[in-house]
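Colleague:
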Amino acid sequence: MENEQESRIFSVSEINQILKNLLDGTPFFRRVYVRGELSNYKIYPSGHHYFTLKDPEGVLRCVMFRSNASRLRFRPENGMKVILSGQITVFPRDGQYQLYCASITPEGIGDLHVAYAQLKEKLYQEGLFDNAHKQPLPAYPERIALITSGSGAAVHDMIRILRKRYPICKVIVLPVRVQGKEAPPEIVGAIRYANRWRVADLLIVGRGGGSMEDLWAFNDERVARAIYASELPVISAVGHEPDVTISDFVADLRAATPSNAAELAVPDRMELTERFAALKNRMARAEVQQLRRRREALAVLAESRALQDPMAPIQDKRMTLDLIHQRLIRLAKETVAERRQTCAALAASLDALSPLKVLGRGYAVARDEAGNILKDAQQAQQGGRVHVTLGRGALACTVDEILQGKEDVQWQRKK
């Protein structure tokens, strides 16, 4: 037998298939767990995941087919420390062994915690947690829709508290599954239905307590985005007070428990009754005070002169009018007298500057035959005619001699 095997020549594909059969036939390699660091992680359009698992001394090629990858709750990333489970076999075409991965678990923490942290960071970066997007709750809702399990204790607690605190509010239950794969689509559908048909003024979305796996539907990205897109205000009421889900961050208000959500959704009728009674008393006191002030004002008006003697104000106005009339007359006379004095002063000034006054003091104005005033003796011609205007009358003269400066003075002395 050994001689026949030694004399036989195998093809490459045959050797690869023999190795594959050996690995597949060995129970040890059918289910192995391997610890390492993810590297070269790629997701192909087919949905298959190809990557390498490495440690300081070696690498192992891995593949995770779409059917197994669809069950991942988190997004694997390069550099992540993980534990893989799967089967080691040979791909005959390449002749290389690789791990056909069935599951990936982050080392040190569960895959749910990693998925929770990744989705929380993603939605935070997109702004779904911003307070600017959160809506105020209606102060006095007329209808409240409960999106929760129709048979759980949470829905009965909420209905009991709502009826006790605010019985005039109508409560509508939109029953959905709150656990399992079918839960997220049903919760999303109920939120969209409530918004489309405006079945309520306020939505309470939640369930009672449980493990992280039990509450996982409220960590689903689809549910978070449906709450964010809701035009109706949403209160998230999931689990107990320590439980915090993605829905709590996206909702307009987070309640510690479903019972707390019912308390936050509506006012307490006892508190409203006390408040209304206080307002009633306050209004009654205000009316009494207002009535007293009006009576006091009426008493003051009744004793006023205007009511006791209606003509008195008119007489007062008449006296005031007479005083104003006399004042206007006095001001007018003073103004006219002042203007007259000013006019007389201006007239005297003009009279003093009048050429006729100058002529009256013995001065004369000489003009040539053209009527031009002679200011210089050189303007006249000897033998020429000049016209001399005096203070009274005028002279028509002939120029016999033209004198200059001192000669004029000496001529006057000789005269």
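Start counting the sequence shown at 1; every next residue gets the next number (this note's numbering).
Quick reminder that beta carbons are idealized off the backbone N, C-alpha and C, glycines included.
Throw me the rounded Cβ distance for the residue 226 and residue 237 pair, which I believe falls under 8 Å.
Modeller: For the purposes of this step, residue 226 is taken as residue 226 along the sequence shown, with counting starting at 1. For the purposes of this step, residue 237 is taken as residue 237 along the sequence shown, with counting starting at 1. So it is not a contact: roughly 16 Å between Cβ atoms.
Colleague: Looking at the structure shown, is residue 147 part of a helix, part of a strand, or coil, going by DSSP?
Modeller: Numbered from its first residue, the sequence shown carries residue 147 at position 147. Three-state result, residue 147: strand.
Colleague: In this structure, does DSSP put residue 55 in helix, strand or coil?
Modeller: Indexing the sequence shown from 1 puts residue 55 at position 55. Residue state, collapsed to three classes: strand.
Colleague: Hey, how far is the Cα of residue 400 from the Cα of residue 352?
Modeller: As a working mapping, residue 400 is identified with position 400 in the sequence shown. As a working mapping, residue 352 is identified with position 352 in the sequence shown. In a straight line, the C-alpha of residue 400 is about 34 Å away from that of residue 352.
Colleague: Tell me where the beta strand (DSSP E) around residue 106 begins and ends.
Modeller: By 1-based counting over the sequence shown, the position of residue 106 is 106. 96-106 is the extent of the beta strand (DSSP E) around residue 106.
Colleague: Buried or exposed: residue 56, going by 16 or more other Cβ atoms within 10 Å of its Cβ?
Modeller: Walking along the sequence shown from the start, residue 56 turns up at place 56. Per the 10 Å Cβ criterion, exposed.
Colleague: With burial defined as no fewer than 16 other Cβ atoms inside 10 Å of the residue's Cβ, what is the status of residue 332: buried or exposed?
Modeller: Start at 1 with the first residue of the sequence shown, and residue 332 comes out as number 332. Exposed.
Colleague: Once you ignore the five residues that flank residue 133 on each side, which residues in its own chain have a CB closer than 8 Å to its CB?
Modeller: On the sequence shown, position 133 is the one that residue 133 refers to. Closer than 8 Å at the Cβ level, and outside the excluded window around residue 133, lie 127 and 228.
Colleague: According to DSSP, which residues form a beta bridge with residue 37?
Modeller: Along the sequence shown, one-based indexing puts residue 37 at 37. DSSP, once it has assigned bridges, lists 54 and 81 as partnering residue 37.
Colleague: Quick one: Cα of residue 343 to Cα of residue 384, how far?
Modeller: As a first step, residue 343 must be located in the sequence shown, where it is residue number 343. As a first step, residue 384 must be located in the sequence shown, where it is residue number 384. So the two alpha carbons sit approximately 45 Å from each other.
Colleague: With 16 other CB atoms within 10 Å as the buried threshold, where does residue 207 fall?
Modeller: Working through the sequence shown from its first residue, we reach residue 207 at position 207. With 16 or more other Cβ atoms within 10 Å, it is buried.
Colleague: Residue 394 by DSSP, collapsed to three states: which one?
Modeller: Here the question's residue 394 lines up with position 394 in the sequence shown. Reduced to three states, the DSSP call for residue 394 is strand.
Colleague: Please report how far the alpha carbon of residue 180 lies from the alpha carbon of residue 124, in whole angstroms.
Modeller: In the sequence shown, residue 180 corresponds to position 180, counting from 1. In the sequence shown, residue 124 corresponds to position 124, counting from 1. Looking at the two C-alpha atoms, the distance is approximately 25 Å.
Colleague: Kindly indicate which residue of 213, 34 and 135 has the alpha-carbon position closest to the one of residue 231.
Modeller: The count along the sequence shown starts at 1 and reaches residue 231 at position 231. Checked all of 213, 34 and 135; the closest Cα to residue 231 is 135.
Colleague: If you check the beta carbons only, do residue 199 and residue 173 fall under 8 Å apart?
Modeller: Here the question's residue 199 lines up with position 199 in the sequence shown. Here the question's residue 173 lines up with position 173 in the sequence shown. No, they are not a contact pair.
Colleague: Using only the alpha-carbon positions, how far apart do residue 299 and residue 235 sit?
Modeller: Against the sequence shown, residue 299 aligns to sequence position 299. Against the sequence shown, residue 235 aligns to sequence position 235. For residue 299 and residue 235, the distance between alpha carbons rounds to 59 Å.
Colleague: Compare the Cα-Cα distances from residue 28 to each of 403, 52, 242 and 89 and report the closest residue.
Modeller: Locating residue 28 in the sequence shown gives position 28, counting from the first residue. Looking at the Cα atoms, 89 is the closest of the given residues.
Colleague: Nearest to residue 185 by alpha carbon, out of 164, 148 and 210?
Modeller: For the purposes of this step, residue 185 is taken as the residue at position 185 of the sequence shown. Residue 148 is the option with its Cα nearest to residue 185.
Colleague: Which residue's Cα is closest to the Cα of residue 392: 365, 382 and 379?
Modeller: Along the sequence shown, one-based indexing puts residue 392 at 392. Selected option, being the one with the closest Cα: 365.
Colleague: Measuring alpha carbon to alpha carbon, tell me which of 314, 39 and 95 ends up nearest residue 11.
Modeller: Here residue 11 corresponds to residue number 11 of the sequence shown, with the count starting at 1. If we check each option's Cα against that of residue 11, 95 comes out closest.
Colleague: Taking the DSSP output, what are the residues bridged to residue 255?
Modeller: Counting from one through the sequence shown, the residue named residue 255 turns up at place 255. Note: residue 255 sits in a beta bridge opposite 237.
Colleague: Please name the residue, chosen from 202, 195, 151 and 157, that lies closest to residue 169 on a Cα-to-Cα basis.
Modeller: One-based indexing of the sequence shown puts residue 169 at position 169. Nearest C-alpha to residue 169: 202.
Colleague: Spatial neighbours of residue 214 within its chain, please: C-beta separation below 6 Å, excluding the five flanking residues on both sides.
Modeller: Residue numbering aside, residue 214 sits at position 214 when the sequence shown is read from its first letter. These residues qualify, in order along the chain: 179.
Colleague: Could you check how far apart the C-beta atoms of residue 119 and residue 219 are, in whole angstroms? I think they sit under 8 Å.
Modeller: Here residue 119 is taken as the residue at index 119 of the sequence shown, counted from 1. Here residue 219 is taken as the residue at index 219 of the sequence shown, counted from 1. Correct: roughly 7 Å between the Cβ atoms.
Colleague: Where does residue 150 land, buried or exposed, given buried means 16+ other C-beta within 10 angstroms?
Modeller: Position 150 of the sequence shown holds residue 150. The residue is exposed, with fewer than 16 neighbouring Cβ atoms inside 10 Å.
Colleague: In the DSSP assignment, the alpha helix (DSSP H) including residue 312 goes from what residue to what residue?
Modeller: Here residue 312 refers to the residue found at position 312 of the sequence shown. Residues 312-352.
Colleague: Which same chain residues, not among the five before or five after residue 37, have their C-beta less than 8 Å away from its C-beta?
Modeller: In the sequence shown, the residue the question calls residue 37 occupies position 37. Hits under 8 Å: 53, 54, 55, 79, 80, 81 and 82.
Colleague: Give the range of the alpha helix (DSSP H) segment to which residue 223 is assigned.
Modeller: Numbered from its first residue, the sequence shown carries residue 223 at position 223. Element bounds for residue 223: 221-229.
Colleague: Are the CB atoms of residue 34 and residue 99 nearer to each other than 8 Å?
Modeller: Residue 34 sits at position 34 when you count from the first residue of the sequence shown. Residue 99 sits at position 99 when you count from the first residue of the sequence shown. Yes, Cβ-Cβ distance for residue 34 and residue 99 is below 8 Å.
Colleague: What is the DSSP secondary structure of residue 171, counted as helix, strand or coil?
Modeller: Residue mapping note: residue 171 aligns to position 171 of the sequence shown, counting from 1. Here residue 171 sits in strand by DSSP.
Colleague: Which residue's Cα is closest to the Cα of residue 62: 91, 308 and 386?
Modeller: In the sequence shown, residue 62 corresponds to position 62, counting from 1. Checked all of 91, 308 and 386; the closest Cα to residue 62 is 91.
Colleague: Using the Cα positions of residue 107 and residue 32, report the straight-line distance between them to the nearest angstrom.
Modeller: The residue given as residue 107 occupies position 107 in the sequence shown. The residue given as residue 32 occupies position 32 in the sequence shown. About 16 Å.
Colleague: To the nearest angstrom, how far is it from the Cα of residue 210 to the Cα of residue 42?
Modeller: Here residue 210 refers to the residue found at position 210 of the sequence shown. Here residue 42 refers to the residue found at position 42 of the sequence shown. If I take the Cα positions, the gap works out to 35 Å.
Colleague: Hey, could you find the ends of the alpha helix (DSSP H) residue 377 is sitting in?
Modeller: Within the sequence shown, residue 377 is the residue found at index 377, counting from 1. Careful: residue 377 lies outside any alpha helix (DSSP H) and carries neither H nor E.
Colleague: With a CB to CB cut of under 6 Å and the five nearest residues on each side skipped, what residues in its chain are close to residue 377?
Modeller: Sequence index remark: in the sequence shown, residue 377 carries index 377 (1-based). Taken in chain order, the residues that qualify are 402.
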